[in-house]
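Peer 1:
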Amino acid sequence: LPPPTPPPPPADSDAAKLASTEHTVFIEGLPFTSSEDEVRSFFAEHGCNDVLQLRLPTWQDSGRLRGFGHVVFASTETRARALSDAVNGRNLGGRYVTVKEANAPRAGTTAGAGLGGGGRGSREQPKGCKTVFVRNLPYNASEEDVQDAFRTFGKILEGGVRVVRNHSNGQSKGFGYVEYKNEESALAAVQKAAKPFGLTVMKRPVFVDYDEGSMKGSFRDKEGKLWSKEHGSSSGAGAGGRGRGRSHTGFGRGHR
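In terms of this note's numbering, the sequence shown is residues 35 to 290.
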C-alpha cells in the first residue's frame, strides 16, 4: 500500500505561509545589480521587517538578479503594507520597485501557459539553445525529481539538472536549469509547458523558458560541491538574448 498522505501543515506554520498567496507579493523593477540582502533591507526600511523568504531568480551565468521575484512575509499585515504606497513605487538603487498581489494559477492552466502572455504560446527558440530555465519548482524537489519530469523530452546531459539553492542552508530557491544534449529537446520542453495542463514537477505546474547564459563558475550542487569539478565545464547554449518572460498573475508562476 502507498504511504498515507501527510496532513497539511498548520495554517500558522512557516511552511503554510510559504505556500500562501495571502502572505506573498510579486515584485518587479529591481536593479539587476542589487543583492538579496539589499532587497530585504529595502522592505525593512519601509516598515516590512518580517520577511520570511525571498524568491529572486538570477541569471545562471552572472548570478545577477533578473529584476523580479516574490517576497513572503510572516504576517498578512506586513504584506498589506508592502502593497500600499508606503512601499510600492519606492526607489531602490535608482529604480522604482513595483509591488503587486501574487495570485493563484487559474484552474485548468499551468504556470507556463502562454509564457505569461495571454495564451500566445512559447516564444521562438534562440539559435543553438539547449538549456531551459525552470521556475515554480516545489521547494522539496530534488534534481532527480526534476530530471524525471524533463527526461521525457530527450537526453539530459550528465549533471544537466541544476536546482539553485541557498548557499548558507542548502534550501532550494524554487528554480533551476535543465541542459539537454539537443536543441529539439529544449524546444519540446518549452512547448509542452506553454500548453494548458502542460508540465508539472511533483504535481506542481512549472514555468519553462529558454536560457542562453552559461553557468556561473561558483555553482554548487545539493551537496555543496562545485558543479564544474564534478561534471566539467558546461557546454552552455547558443549566444543571444536571454529568456525574460514573466507575469505577476499566478502565484505558481515563477514562485510568486
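By construction, the Cβ of each residue, glycine as well, lies at the ideal position given by its N, Cα and C atoms.
Just to confirm my understanding: we take G208, look at its own chain, exclude 5 residues before and 5 after, and list those with CB closer than 7 Å. What are they?
Peer 2: Excluding sequence neighbours, G208 sits near R89, R169, N170, L171, Y173 and H289.
Peer 1: Check whether the Cβ atoms of T92 and H57 lie closer than 8 Å to each other.
Peer 2: Cβ distance not < 8 Å, so T92 and H57 don't count as in contact.
Peer 1: If L28 and F76 are in contact, beta carbons under 8 Å, what's the gap, nearest whole angstrom?
Peer 2: Because the chain spans 35 through 290 in this model, residue 28 falls outside it and cannot be assessed.
Peer 1: For V131, I'd like the list of residues in its chain whose CB is within less than 8 Å of its CB, leaving aside the five on either flank, ordered along the chain.
Peer 2: Hits under 8 Å: I61, E62, G63, L64, F76, V121, N122, G123, R124 and N125.
Peer 1: Please state whether DSSP places D243 in a helix, a strand or coil.
Peer 2: D243: strand per DSSP, three-state reduction.
Peer 1: Quick one: what does DSSP say V195 is sitting in, helix, strand or coil?
Peer 2: Reduced to three states, the DSSP call for V195 is strand.
Peer 1: With F187 as the anchor, note down where its beta strand (DSSP E) starts and where it stops.
Peer 2: Careful: F187 lies outside any beta strand (DSSP E) and carries neither H nor E.
Peer 1: Give the secondary structure of R238 by DSSP, where H, G and I count as helix, E and B as strand, and everything else as coil.
Peer 2: Strand at R238.
Peer 1: From V166, L99, G204 and D84, pick the residue whose C-alpha is nearest to that of L191; which is it?
Peer 2: When each option's Cα is compared against that of L191, the closest is V166.
Peer 1: Helix, strand or coil: which one does DSSP assign to V85?
Peer 2: Three-state result, V85: strand.
Peer 1: Suppose you measure from the CA of E213 to the CA of P160; what does that come to, to the nearest Å?
Peer 2: Near 14 Å, if we compare the C-alpha coordinates of P160 and E213.
Peer 1: Kindly list the residues whose CB is nearer than 7 Å to the CB of T112, restricted to its own chain and excluding five residues on each side of it in sequence; keep chain order.
Peer 2: Cβ neighbours of T112 beyond the five flanking positions: C82 and D84.
Peer 1: Around the C-beta of K189, are 16 or more other C-beta atoms found within 10 angstroms, so that it is buried, or is it exposed?
Peer 2: Result: exposed.
Peer 1: Are the beta-carbon atoms of V235 and D179 separated by less than 8 Å?
Peer 2: Contact flag set, yes.
Peer 1: To the nearest angstrom, how far is the alpha carbon of S47 from that of A108?
Peer 2: Looking at the two C-alpha atoms, the distance is approximately 9 Å.
Peer 1: Hey, could you find the ends of the alpha helix (DSSP H) S219 is sitting in?
Peer 2: Segment E217 to A227, the alpha helix (DSSP H) holding S219.
Peer 1: Does DSSP put H80 in a helix, a strand or coil?
Peer 2: The answer is coil: DSSP assigns H80 none of H, G, I, E or B.
Peer 1: Indicate the three-state DSSP secondary structure (helix, strand or coil) for E213 in the structure shown.
Peer 2: Residue state, collapsed to three classes: strand.
Peer 1: Taking the alpha helix (DSSP H) that E111 falls in, what are its first and last residues?
Peer 2: Where E111 is concerned, the enclosing alpha helix (DSSP H) stretches over T110 to L117.
Peer 1: Going by the CB atoms, is the gap between L117 and Q87 shorter than 8 Å?
Peer 2: No, Cβ-Cβ distance for Q87 and L117 is not below 8 Å.
Peer 1: Just list the residues that DSSP pairs T55 with in beta bridges.
Peer 2: Answer is none; T55 lacks a bridge partner.
Peer 1: Can you say whether F66 is buried or exposed, counting buried as having 16 or more other CB atoms within 10 angstroms of its CB?
Peer 2: It is exposed - the Cβ of F66 has fewer than 16 other Cβ atoms within 10 Å.
Peer 1: Taking the continuous beta strand (DSSP E) assigned at F107, which residues delimit it?
Peer 2: F102 to F107 is the extent of the beta strand (DSSP E) around F107.
Peer 1: Just the C-alpha distance for D182 and R100, rounded to the nearest angstrom, thanks.
Peer 2: Using only the alpha carbons, I get a separation of about 27 Å.
Peer 1: Where does E62 fall in DSSP's three states?
Peer 2: Note: E62 maps to strand in three-state DSSP.
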